[in-house]
Amino acid sequence: MVKPDGVQRALVGDVISRLERKGFRLAALKLFQPDKALAEEHYKDLSSKPFFKDLVDYIISGPVVAMVWEGAGVVKSARKLIGATNPLEAEPGTIRGDFAVQTGRNVVHGSDSPENGEREAALWFGNDVPIVDWQQVAAPWLRE
Ligand code: IDP
Ligand code: MG
């Protein structure tokens, strides 16, 4: 997901481009402003953290671009492309390393396990945008 700061800072195209060029397949995408209930459910594992309220306020502060990406090892790889949670610790070349300076404004979210990826896709998309199972023409050039 491109968080509200990423949308406002016109980084949507760059984020998509990095995942697309890596070779992952975009399966769903939508721009919308999430409500508090959705943000709280998404981040429920962090509900006891002192920054939880600020985090929820940040996520609902503007439109986000929610996406589902598919591919071999996509969760782990996308987390690498995104970089460390604290952008000052994120390596140059990663999204957060290149574009952000603060943990509370770190531009993107990436699921941390395939199980959470499934959970989050269901939460963010439900039935309202179908997850599209299309054939990527480059597939034979990406995977032997
Ligand atoms: P992740 O996004 O790298 O998976 P998590 O630990 O799951 O990191 O935290 C979720 C989000 O909560 C972070 O991306 C960041 O926006 C916010 N966050 C995490 N730790 C802090 C903090 O110490 N201060 C403020 N915001 C935080
Ligand atoms: Mg996380």
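Straight run, no breaks: the sequence shown in the UniProt record's numbering ends on number 144. Beta carbons are placed, not taken as given, at the ideal position from N, Cα and C, and that holds for glycine.
Inter-residue spacing [alpha-carbon to alpha-carbon] between residue i and residue j
i	j	result
residue 89	residue 65	24 Å
residue 12	residue 6	6 Å
residue 111	residue 121	9 Å
Selected residue, minimal CA-CA separation from residue i, among the options
i	options	result
residue 95	70, 82, 25 and 109	82
residue 62	120, 9 and 97	9
residue 31	140, 117 and 125	125
CB of residue i within 8 Å of CB of residue j, strictly
i	j	result
residue 1	residue 108	yes
residue 34	residue 60	yes
residue 71	residue 21	no
residue 78	residue 87	no
Contacting residues, own chain, Cβ-Cβ under 8 Å from residue i (five flanking each side not counted)
i	result
residue 104	51, 54, 55 and 58
residue 123	38, 41 and 42
residue 91	83, 84 and 97
Same chain, Cβ closer than 7 Å to residue i, neighbours up to 5 away in sequence not counted
i	result
residue 127	none
Own chain, CB closer than 6 Å to residue i, minus 5 neighbours either side, in chain order
i	result
residue 29	67
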